[in-house]
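Residue numbers (our numbering), protein chains in the order written: chain A, 1273 to 1644; chain B, 1273 to 1644; chain C, 1273 to 1644; chain D, 1273 to 1644.
To start, the structure under review is shown below, and the notes come after it.
There are 4 protein chains.
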Amino acid sequence: MPSSWGKIYRVSTFGESHGPSVGVVIDGVPAGLPFELEEIQKDLDRRRPGQSDITTPRDESDTVRVLSGVFEGKTIGSPIALIVDNKNTISKDYDNLKTVYRPSHADYTYQEKYGHRAHVGGGRSSVRETIARVAAGAFARTILERELGITTVGWVDSIGEIDSHISESNYPRSVQEVDSNIVRCPSKEIADKMERHILDLRNEGDSVGGTVKAVVYNLPPGLGDPVYDKLDGDLGKAILSIPACKGFEIGSGFAGTRLTGSKHNDEFYTDSQGRVRTRTNHSGGLQGGITNGMELVIKAAFKPTSTIKLEQKTVNSSNEETTLKARGRHDPCVLPRAVPIVEAAINLVLIDAYLYQRSLQPEWYEKWVLKR
Amino acid sequence: MPSSWGKIYRVSTFGESHGPSVGVVIDGVPAGLPFELEEIQKDLDRRRPGQSDITTPRDESDTVRVLSGVFEGKTIGSPIALIVDNKNTISKDYDNLKTVYRPSHADYTYQEKYGHRAHVGGGRSSVRETIARVAAGAFARTILERELGITTVGWVDSIGEIDSHISESNYPRSVQEVDSNIVRCPSKEIADKMERHILDLRNEGDSVGGTVKAVVYNLPPGLGDPVYDKLDGDLGKAILSIPACKGFEIGSGFAGTRLTGSKHNDEFYTDSQGRVRTRTNHSGGLQGGITNGMELVIKAAFKPTSTIKLEQKTVNSSNEETTLKARGRHDPCVLPRAVPIVEAAINLVLIDAYLYQRSLQPEWYEKWVLKR
Amino acid sequence: MPSSWGKIYRVSTFGESHGPSVGVVIDGVPAGLPFELEEIQKDLDRRRPGQSDITTPRDESDTVRVLSGVFEGKTIGSPIALIVDNKNTISKDYDNLKTVYRPSHADYTYQEKYGHRAHVGGGRSSVRETIARVAAGAFARTILERELGITTVGWVDSIGEIDSHISESNYPRSVQEVDSNIVRCPSKEIADKMERHILDLRNEGDSVGGTVKAVVYNLPPGLGDPVYDKLDGDLGKAILSIPACKGFEIGSGFAGTRLTGSKHNDEFYTDSQGRVRTRTNHSGGLQGGITNGMELVIKAAFKPTSTIKLEQKTVNSSNEETTLKARGRHDPCVLPRAVPIVEAAINLVLIDAYLYQRSLQPEWYEKWVLKR
Amino acid sequence: MPSSWGKIYRVSTFGESHGPSVGVVIDGVPAGLPFELEEIQKDLDRRRPGQSDITTPRDESDTVRVLSGVFEGKTIGSPIALIVDNKNTISKDYDNLKTVYRPSHADYTYQEKYGHRAHVGGGRSSVRETIARVAAGAFARTILERELGITTVGWVDSIGEIDSHISESNYPRSVQEVDSNIVRCPSKEIADKMERHILDLRNEGDSVGGTVKAVVYNLPPGLGDPVYDKLDGDLGKAILSIPACKGFEIGSGFAGTRLTGSKHNDEFYTDSQGRVRTRTNHSGGLQGGITNGMELVIKAAFKPTSTIKLEQKTVNSSNEETTLKARGRHDPCVLPRAVPIVEAAINLVLIDAYLYQRSLQPEWYEKWVLKR
């Protein structure tokens, strides 16, 4: 069950939703970097269940501990192991799932793939696995901010049919701005509508999907590799591997396919500080898979939560037809909690591209980091 | 410039658009498999420039040769090197590009990333690099078809504003069906409209984007890994790393985010042969990143070709503003040639997942391959 | 600080000698396999400090816990995290090492490589890191034994100038045989001599080196890959990366270079059960990097422990010359504890080769595992 | 048949001894580096068959061509494909090998591993595969020399029972010195003895083994990773994966196991230029898997060539006993040709460690490369 990624900043994760702990080992971190556990806890708190009325009432503090790789507040170059213990694991909720496949869950596919499975919680397919990504991504965020001045901000752009209609010039500039409401949609008015919609569906025992948009500010040009490891592809994989994600766009995305080249091309100009910029940003910050110094803009689609309290038809492990009505505590909508996960995914891709680029061209490091 | 991928079926590519050759080395291929070079040539012919009126007039036969890994018509387990020589490389077309950055191309980003570049052709960012993917993917296709009965079919689903409106029940079943016209849209009537639109834009010196849809038939359940190497993510990366790709959807994609869970969930049932199936296929064939035995359905967005003959504003390598009018021979629309590239990308992901699954659970191989 | 290895059975380790814990994450384990924690504890007990009079008096129970990947006594296919807490960490022993480089230790090289280091304990260069290898290797041993009938046995073949003179026909057949004395040399008489020698040197404040030999019984032919990932090379790396290892031989090793081809070649014959065997085994069980079904035989050289209580000349981090006399508790000879580490290294290489081979040729699995 | 290696400087090889070509793709090379094909040809000429009376008379020019990655004499950051065509492939020499397993060759193990094989030439197990390593290593050598001032020199240290007895103070300082005779042993007198011995054995139809020693000058401290990717282990693997290699030592090797710690430890001092050095070099240039700035010293054992003209007993693919007398043209002793292969292996490991270190600590690059 390959659970590792990254060429340089190498992340390996472990832990089931109902086992003792989930964790992550981050290898490839340079020595001597400040390590602030509270920065990691901050993003875990933004991800944790039970954080508001519109998330699952399953309450977990998700407190992170560091087992290795840090000495006297600084990294020492060795693998950093971070661990979060599972506290709130009511296994009896899952007894009826021993044999019944939940629709649009991974029960049936696990059974066929492994020929054997743990029926409690969903194991590794649970969104609980994303704790590891958020922890590793949160630490990456601190490095990217300190060394490159990069800021990554995601927000809920739509819930069901409710669209935020936030235009490029109004993109939020900080996590604080987005976190000003529990939906994590920067428009207060739309956020209220979204919140009511989520609550209505929860009361009906139903769920709803939506989209997250994210932008990265202050990226230097030159990150990403132009063939198979294009940043487009690496970001796509990082985000499409988040549970419930069904779509990914970079820059103009699907809408851009309707334009002509003369409308879509991003013309270059030189700004007042002599920097090369583009007038439009249909490229979404990437050309040939490499950052061009403009804002990176991506969008991700999340399906409605599969676990609903309404009765559904399904089959059991003897291939007999049956019905299922979920018990337990679940998110009626994953979007608010998806925001820090998307940000973490982006930061994990960027930190790896950054560390790799330092190997490739030390002059680049001199120009974009030392002389910043 | 990492140019390798795959855990087991390991693909490494090389070659610039204006160098002597492009090629691919495929490692991890089991021994004793039939190797038919003509099957690979067939897909390369579907990808090659100059194949019709609506592709670039740059004419290349793209004839493939095998340098290793095959003996008396069968694989011997060693790396298979495939090579295509470049014939039609008129470098003088590129002299003016030594210093001018083409809008929405990778000229500027290469310069910043590498501090040095070959200005002819676009080097590795050229779509010519996809020869390697198509060759490796075409061989994967023959293995998947023979051992698992898998068929992968892609088609042009839209060009600019023209949508094919092909519903799930009318998805094409074979490559031949799609290749019945030069646009590769299975609806003859819509294909004619698309063709005229492309020709009009070419005559204006402009270009246009569109979407490719693809479906995979006869997939067994159990392929793909449920955490970071979810098949969703691996397919997303494989397709988003194709030049000009700006978006990717699996199953219900962005449209699915507008549904409620009760509408979106795919209820299971048992079909007349006792197989587990789902009534709907919003999941697009994947649950928890693993195939569930339903059709795999993906969609990819391709932006309009960046090279257009209209004058555009840009800057040069001294950061001075200038204008550019492209010369040379280019596709007014990449979509028809993108179809075999998307298919190859899918088959490369599937072959790797298949070979990996054989290691993981030999009983699965017994059940889904030997007893097929 | 790359700390991961394996193509399929992927091992990632973490933890410093003086941090809270050391651990290992094993990914790529098939689901449904019995998991017996006591089997892992058994090998950890063979490795642990304080196990006898001739090892370091630093007493650690090294009790292993499992954090993930196991449910109701069986693997579930997800990463298995194993952890051992550090109990006996007297940091003040290390205060004087903040600035002084210990001769033949990694203090100076860490300082130059990372520009920053934790001076306590030796961090990742400590032999404590091998806990992770032994734990992962012990679990591999159980799989290899159950599925293939493989037995791996190592022993101390020499200490300083004292050679065990154990000939091929007297190689020990089981771990129990080797563990019958604290030196882990199967000849009781020689073991007593070795023990006295080690105690003498310990009393002088000095240390001594030696060699470990290991043999693997019941290997099927076909494991290992014939180019860069030859089993010779993979075993060599696994063993040469154990702290203090300075040499590695497979089969005839350095002595074989003195022979002619006609003496060195291993002639094939067919045994009474119709199996292909060789009369001699200079190849040490490998031909072209692949197992040939004969016993695998390797030998490893371990230098004398670097930490000694005698005064030594050295320099400090300001490059000033100084002297050092080690305090703390250390092994006068690493050999007895190296035996389970060498066995673990071998088993880690073999399990990975075995799982990879299942992907490559399912007929091989049928022949050598199912029909065994 | 995994044929790739390296974390950053990534090498992938292909080609059988009797196919059209052997080749190598080098990925991860920074852009803008001088690329001199003649430097690569030089090392290939040192490796090629037919270079002298004591190598195989199979005459091959082994002329290398570059297919990609180079433009106007400089690297452009894209994969560099190098290719050597096979000219002298007399397949009929191999007809009798279709069914008979050659003793101490990889015929039997290939058959069991792959269930299918090409009987001509030995395929990938042929020493012809090392062309790829020598080519990739020769280019690495030019980078290491230019950027770090590193020199790697190997030589034949023994042939059969004839030892060169070259002491540390007489180690050769340049390739030219070693290449002054066809044996590649820097002592003219011993070289003559070795040459006569090889010729005698060739006339008898027999073969002989020997050892190669190699030293690397001017290494900066800080290369190599201290856990599993210790430079000891990476060098060991690189060299033990060369055909016919049976043993590897770093520094004091097996002889060092006989010393006490007080004799073996390398005491530090500060030299007249203020650099940290050690009085002795039992460590062989590595401490904790990382270079310490002293000379790197390794030794490798090569068995006698398996192909001999004397009759040998063996079995065939029906497991029937038979005899074999080799025809064809073979080296009576691989040692002289092994020297450039060992050097290449070392340089491939060092270039990868160097490029990785640039990512890890840019200050290191500043100190050891820019300020050199």
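Positions of the beta carbon are idealized from the N, C-alpha and C atoms, including for glycine.
Note that the coordinates shown come from a computational prediction; the quantities given were computed from them, not determined experimentally.
Rounded C-alpha distance that separates residue i from residue j
i	j	result
glycine 1533 (chain C)	serine 1376 (chain D)	9 Å
isoleucine 1438 (chain C)	serine 1555 (chain D)	29 Å
glutamate 1308 (chain C)	valine 1548 (chain C)	35 Å
histidine 1388 (chain B)	histidine 1602 (chain D)	46 Å
glycine 1496 (chain C)	glycine 1341 (chain C)	27 Å
asparagine 1619 (chain D)	tyrosine 1626 (chain D)	10 Å
lysine 1346 (chain C)	arginine 1599 (chain A)	27 Å
threonine 1594 (chain D)	isoleucine 1514 (chain D)	29 Å
glycine 1519 (chain A)	glycine 1519 (chain B)	8 Å
leucine 1512 (chain C)	lysine 1581 (chain D)	36 Å
Start and end residues, alpha helix (DSSP H) containing residue i
i	result
proline 1634 (chain D)	1634 to 1637
isoleucine 1462 (chain A)	1460 to 1476
aspartate 1317 (chain B)	1309 to 1319
phenylalanine 1526 (chain C)	It is not in any alpha helix (DSSP H) - phenylalanine 1526 (chain C) carries neither H nor E in the DSSP assignment.
alanine 1516 (chain B)	Per DSSP, alanine 1516 (chain B) belongs to no alpha helix (DSSP H) and is neither H nor E.
isoleucine 1415 (chain D)	1402 to 1420
lysine 1585 (chain A)	Looking at the DSSP string, lysine 1585 (chain A) is not in any alpha helix (DSSP H); the run it does join, the beta strand (DSSP E), is 1584 to 1587.
valine 1450 (chain A)	1447 to 1450
Contacting residues, own chain, Cβ-Cβ under 6 Å from residue i (five flanking each side not counted)
i	result
tryptophan 1640 (chain D)	Pro1492
tyrosine 1443 (chain C)	Val1487
lysine 1465 (chain C)	Ile1434
Other residues of its chain near residue i: CB distance less than 7 Å, five sequence neighbours each side excluded
i	result
aspartate 1504 (chain A)	Ile1522, Leu1558, Gly1561
tyrosine 1628 (chain B)	Lys1279, Ile1280
lysine 1502 (chain C)	Gly1496, Gly1561
C-beta contact flag for residue i and residue j at 9 Å
i	j	result
isoleucine 1352 (chain C)	aspartate 1299 (chain C)	yes
glutamate 1288 (chain A)	arginine 1400 (chain A)	yes
lysine 1509 (chain A)	lysine 1571 (chain A)	no
isoleucine 1326 (chain B)	isoleucine 1454 (chain B)	yes
cysteine 1605 (chain A)	proline 1576 (chain A)	yes
alanine 1412 (chain B)	isoleucine 1348 (chain B)	no
threonine 1542 (chain C)	glutamate 1467 (chain D)	no
threonine 1550 (chain A)	aspartate 1538 (chain A)	yes
Close-in-space but distant-in-sequence residues of the same chain around residue i (CB under 8 Å, 5 per side omitted)
i	result
valine 1499 (chain D)	Gly1561
serine 1590 (chain A)	Thr1371
histidine 1469 (chain B)	Ile1431, Gly1432, Ile1434, Val1480
asparagine 1490 (chain C)	Leu1420, Gly1421, Ile1422, Thr1423
Residue range of the beta strand (DSSP E) that includes residue i
i	result
valine 1299 (chain A)	Reading off the sequence, residue 1299 (chain A) comes out as aspartate, not valine. Looking at the DSSP string, the run of the beta strand (DSSP E) that includes aspartate 1299 (chain A) is 1293 to 1299.
valine 1484 (chain B)	1482 to 1489
tyrosine 1541 (chain C)	1540 to 1542
lysine 1346 (chain B)	1346 to 1348
lysine 1575 (chain B)	Counting along the chain, lysine 1575 (chain B) falls outside any beta strand (DSSP E), and DSSP gives it neither H nor E.
Pairs of beta-carbons, one from the region 1328 to 1338 of chain C and one from the region 1377 to 1389 of chain A, closer than 8 Å: are there three or more? no
How do the region 1396 to 1410 of chain A and the region 1442 to 1453 of chain A stand: do at least 3 beta-carbon pairs fall below 8 Å, yes or no? no
With contact counted as at least three CB pairs below 8 Å, one residue from each stretch, are the region 1604 to 1611 of chain A and the region 1577 to 1597 of chain B in contact? no
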